[in-house]
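So the structure is just underneath, and the comments pick up after that.
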Amino acid sequence: MSYRRLLYIVLSLVLLSCQSQTKTSVDVRCVFSADSAYTYIAQQVAFGSRVPGSEEHTACGDWLVKKLAQFGAQVHNQHGTMINYAGQLQALRNIVAYFDGSTQNAILLCAHWDSRPWSDEEENYDDRFSSVSGANDGASGVGVILEVLRQLSILKAQGEYVPSVLIVFFDCEDMGTPNHYTGMQREHTWCLGSQYWAKQYAQASPIKLQYGILLDMVGDPSATFPYEYFSMQYAKGYVEQLWRTANRLGYGRYFVQSSTYYPITDDHYYISTIAGIPCVDIIDYKTTTETGFAEWWHTQQDDMRNINKQTLQAVGETVLTTICSK
Ligand SMILES: [Zn+2]
62 MSYRRLLYIV
72 LSLVLLSCQS
82 QTKTSVDVRC
92 VFSADSAYTY
102 IAQQVAFGSR
112 VPGSEEHTAC
122 GDWLVKKLAQ
132 FGAQVHNQHG
142 TMINYAGQLQ
152 ALRNIVAYFD
162 GSTQNAILLC
172 AHWDSRPWSD
182 EEENYDDRFS
192 SVSGANDGAS
202 GVGVILEVLR
212 QLSILKAQGE
222 YVPSVLIVFF
232 DCEDMGTPNH
242 YTGMQREHTW
252 CLGSQYWAKQ
262 YAQASPIKLQ
272 YGILLDMVGD
282 PSATFPYEYF
292 SMQYAKGYVE
302 QLWRTANRLG
312 YGRYFVQSST
322 YYPITDDHYY
332 ISTIAGIPCV
342 DIIDYKTTTE
352 TGFAEWWHTQ
362 QDDMRNINKQ
372 TLQAVGETVL
382 TTICSK
């Protein structure tokens with residue numbers, strides 16, 4: 062064997078091993094477009110604040126229904142009423158979409174699509190009566206889920222394995238008692254849409270669900286997602302699976318291995334406790350602020366300036382890769 066031939070064989074072996082390594086990592090890393098997710102967030106924000114009962118809310122809801130149907134899901138509006146913080150009837154519209162994949166039991170992907178009517182955290186008192194834009198607090202989770210669905214529809218068309226998925230965009234998550242309210246304080250004033258959906262689901266649902274993933278405030282450039290208390294209490298195994306996947310994909314700086322200081326009341330709590338579906342909350346939580354949330358939280362600054370494509374990529378790729386692994 063000539064030296065040249067030996068060199069050729071050695072080089073071929075090195076190349077082959079590189080190719081197989083590349084192929085392996087490609088196999089277990091799902092394609093997710095942060096550009097698309099970003100666009101879906103900007104499109105929601107462009108409608109204006111999606112405050113329940115407003116024209117902007119109706120228009121954005123109709124647009125979401127169209128997008129979900131466009132990506133191959135069967136969509137319906139779930140209209141209902143709940144009692145709000147002031148003891149009045151509150152109309153709500155949850156948007157529910159089923160995507161038929163290879164599995165009998167579906168995975169629940171959810172986020173809230175409404176905007177908070179008040180900016181409680183504004184320093185200036187008068188500004189607290191303006192609605193928030195909700196780019197992060199609402200639109201970011203919805204945008205990532207829309208892109209996850211678009212990727213699932215592409216994979217399904219290619220004959221790839223995809224799970225069945227139930228998407229629910231909850232209304233009236235952010236209708237909780239405003240700080241300025243001086244009347245009687247009621248409990249369970251947040252997450253009205255998920256409370257309504259969970260009660261209906263517990264009574265009768267034609268769709269069996271394995272577990273749920275809730276996305277809330279998932280676009281901040283410095284987002285960190287620690288283990289959240291209720292998620293650990295009701296869905297520990299799924300939390301660990303998601304965080305393991307994130308770390309394997311190189312997103313450990315977002316999916317940190319620490320815990321929130323206190324439990325977070327979010328839609329996942331009612332999904333776990335009323336509907337009985339273990340649900341994980343991927344939520345941006347800061348140990349550096351007094352509220353536990355980012356500086357823009359419930360202020361006029363919750364806009365597109367705080368939406369970062371790298372963060373969207375980390376969340377979207379982690380969710381998609383986790384749900385598509387058998
Ligand atoms: Zn909020």
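Following the working numbering, the numbering of the sequence shown begins with 62 at its first residue and continues without gaps. Backbone N, C-alpha and C fix where the C-beta goes; we use that ideal spot for every residue, glycine too. Just so we're clear, the structure is a prediction, and the values are computed from it rather than from any experiment.
What do you reckon, are the CB atoms on residue i and residue j nearer than 8 Å?
i	j	result
N155	G254	yes
G162	K127	no
G199	W179	no
I168	V226	yes
D96	R177	no
T360	V317	no
Y299	G237	no
G109	A196	no
A265	G337	no
P339	S333	yes
Y295	M143	no
Applying the criterion that 16 or more other CB atoms from any shown protein chain within 10 Å of the CB defines a buried residue, is residue i buried or exposed?
i	result
I268	exposed
R366	exposed
Q82	With a pLDDT of only 36 at Q82, under the threshold of 50, the placement of this residue in the model should not be trusted, and no figure is reported.
F190	exposed
V87	Only weak support is given to the placement of V87: the predicted model assigns it a pLDDT of 38, under 50, and the value that follows is read from those uncertain coordinates. So V87 counts as exposed.
I228	buried
M245	exposed
H241	exposed
E116	exposed
K84	Per-residue confidence for K84 stands at a pLDDT of 35, beneath the threshold of 50, marking its modelled position as unreliable; the derived number appears in the next sentence. Looking at its Cβ environment, which holds fewer than 16 other Cβ atoms inside 10 Å, K84 is exposed.
V92	exposed
T379	buried
T250	buried
V376	buried
V89	exposed
G220	exposed
S283	exposed
L310	buried
H140	exposed
Are there any heavy atoms of ligand 2 lying less than 7 Å away from the beta-carbon of residue i, as far as the coordinates show?
i	result
H118	Absent from the structure shown: ligand 2. Ligands present: ligand 1.
Would you mind giving the Cβ-Cβ distance between residue i and residue j, rounded to the nearest angstrom? I have them listed as a contact below 8 Å.
i	j	result
Y159	K370	About 29 Å separates the two Cβ atoms, so there is no contact after all.
L372	T306	Residue 372 is actually Thr in this sequence, not Leu. About 16 Å; that fails the 8 Å criterion.
I343	L270	That pair is no contact at about 17 Å.
S192	V112	5 Å
S201	I102	6 Å
D123	F231	Incorrect: roughly 17 Å between the Cβ atoms, too far for contact.
D181	P239	6 Å
So who's on the other strand from residue i, going by DSSP bridges?
i	result
M143	Q151
S320	Y288
G273	L169, C340
L381	Partner(s): none; L381 has no beta bridge.
L227	Y159, L169
H137	V157
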